[in-house]
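Numbering (the working numbering), first residue to last: 5 to 385.
C-beta atoms are modelled at their ideal positions from N, C-alpha and C, and glycine is treated no differently.
Predicted, not measured: the structure shown is a model, and the values here were computed from it.
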Amino acid sequence: MKNWRIMFVDDDRDILSMVDQYLKMQGYSVITVDSGLKALDIIKDQQVDIIFTDYKMPEFSGLELLAAIKKYKPEIEVIIVTGYGSMESAIQAMKYGSYDYLQKPFKLDHLKLIIDRIIEEKKIKRAEDMIRKRSLQRHRYHDLLGISPKMQQVYELAETAARTNSMVLIQGESGTGKELVARTIHAVSQRADKPFVPVNCGSVSETMEEDRILDHVTGLINTVGNGTIYLDEIADLSPGLRLNLLQALEREQRKTGERARVITATAREIGELVQSGALQKDLFDLLDALLIKLPPLRERREDICLLINEFIYKLCRKHGKAIIGVHPEALDILMRYHWPGNLIQLQNVIERALALEVDQLIRPGDLPSEIRTFSEISKLG
Ligand SMILES: Nc1ncnc2c1ncn2[C@@H]1O[C@H](COP(=O)(O)OP(=O)(O)OP(=O)(O)O)[C@@H](O)[C@H]1O
Ligand SMILES: [Mg+2]
């Protein structure tokens, strides 16, 4: 009860001291004030939940105080205390938003009754607000699944990115869903009906000569038009080639008058890239890009269950099988694992288990032995 504050406003000091004593004895936190103006001053910067105010006071009447509170702090409940037989003022006060009225002379336990009723109502309302807030936590954003706080941040950033045209840099370990995030941003943005063109800079730089790469990429730039170009493994390109590539993009687009959105991705830590020299001043634009960090799966274990269900559903449909379940022991093992290969590894493990599964349930025996062993060891630790 101490975290609910009750204020009593009256110009009669005897009433104030009586109420103060009684409510404190009952364990409430109380402030008593002898004028409406002083009361307003206090609630400006102090938390007060319930205010009882006398109707008739010199300077500033209870009704004026009520009106001011309802305007500036409508969440505070106000109860007007009226003189005996002044039913009219009570009715008037109710019209102004008084929660109830209390007629003088009042019994102290009547005062307590009103307070307890309001506190009960406020508690219920707080609980409802909490539930509403929690249900705002999304378990998916388009094709991206995840209820974890880290994924909520990813959803927010993806939404921001979709609204703007800024360059985006997605950083996340292999298999964390970088390409899916890029595709989601594209699908939510105004470019959704334009092409999404992925370029794997890693494989391009391994298999092609430098000048062939530029030709190749220039071709892709023309395909993408006003769509989205996704440059994966951007750190695998040499700094010189990267600069050439971004300049080619600039040049081609100036020619055609089109403006593609550029989304880049890297599995390496940004700090480490700058330190090693792999990310230099030529990529100043990239550093200026909106950065989306994708958490590894081991940092969002609460999403594992959701993802397993999704993968089972998709894979069973793909192979024309009936949807199957996961044995609790197998689920426990999957939840404990550290998933260095992230979602791709989880997907592979599920696919393999589906191939082995014999009785409509994925069991521990259907999981790779290193995953089972890891779980055993982590139990000991
Ligand atoms: N949040 C998610 N919810 C559901 N499925 C996801 C999610 N993120 C990724 N996936 C799925 O996981 C797989 C791997 O995702 P993706 O290819 O986007 O990862 P990546 O980070 O680009 O991987 P790589 O490092 O191999 O390039 C895909 O099948 C993708 O559909
Ligand atoms: Mg990828």
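query: Bounding residues of the alpha helix (DSSP H) (the contiguous stretch that carries Q251); result: P243 to T260
query: Outcome for H190 when other beta-carbon atoms lying within 10 angstroms are tallied against a minimum of 16; result: buried
query: Assigned exposure category for N7 - 16 Cβ within 10 Å defines buried; result: exposed
query: For K4, the three-state DSSP class (helix, strand or coil); result: The first residue shown for the chain is 5 and the last is 385, placing residue 4 beyond what the model contains.
query: Cβ-based neighbour list, D147, same chain, cut-off 7 Å, excluding 5 preceding and 5 following; result: L184 and T188
query: CA-to-CA distance, I316 to G324, given in whole angstroms; result: 12 Å
query: Segment contact flag, the segment 193-207 with the segment 335-355, C-beta cutoff 8 Å, min 3 pairs; result: no
query: Same chain, Cβ closer than 8 Å to R46, neighbours up to 5 away in sequence not counted; result: Before going further, note that residue 46 is Ile rather than Arg in the sequence given. M11, I35, V37 and V52.
query: Cβ-Cβ distance between A71 and Y100 below 8 Å; result: yes
query: Contact under 8 Å by Cβ, F56 with G40; result: no
query: P202, DSSP secondary structure in three states; result: strand
query: Continuous beta strand (DSSP E) assignments of at least 3 residues falling wholly in the segment 94-151; result: 104-107
query: Residue from K60, Y59 and P78 whose Cα sits closest to the Cα of K48; result: P78
query: beta-carbon D236 near ligand 2 non-hydrogen atom, thresh 7 Å; result: yes
query: Whole alpha helix (DSSP H) elements within the segment 28-76, 4-residue minimum; result: 40-49 and 66-76
query: Inter-residue CB distance, V449 and D14 (contact presumed, cutoff 8 Å); result: Lying outside 5 to 385, the shown extent of the chain, residue 449 is not represented and no answer is given.
query: Paired residues, beta bridge with V266 - DSSP; result: I233
query: Those residues which DSSP pairs with F12 across a bridge; result: T36 and F56
query: Range of the contiguous beta strand (DSSP E) that encloses T86; result: E81 to T86
query: Nearest residue (CA-CA) to L27, options Q257, I118, L350 and V203; result: I118
query: At least 3 beta-carbon pairs within less than 8 Å: the segment 229-249 vs the segment 267-287; result: yes
query: Inter-residue CB distance, P368 and H331 (contact presumed, cutoff 8 Å); result: 7 Å
query: Best match in N204, L149 and S209 for proximity to G181 [C-alpha to C-alpha]; result: L149
query: Heavy atom of ligand 1 within 7 Å of E314 beta-carbon; result: yes
query: G390 - DSSP class collapsed to helix/strand/coil; result: The chain is shown only over 5 to 385; residue 390 falls outside these bounds and no answer can be derived.
query: Q349 - DSSP class collapsed to helix/strand/coil; result: helix
query: Same chain, Cβ closer than 8 Å to I151, neighbours up to 5 away in sequence not counted; result: Q141, R142, H143, E306, D307 and L310
query: Heavy atom of ligand 2 within 7 Å of E177 beta-carbon; result: no
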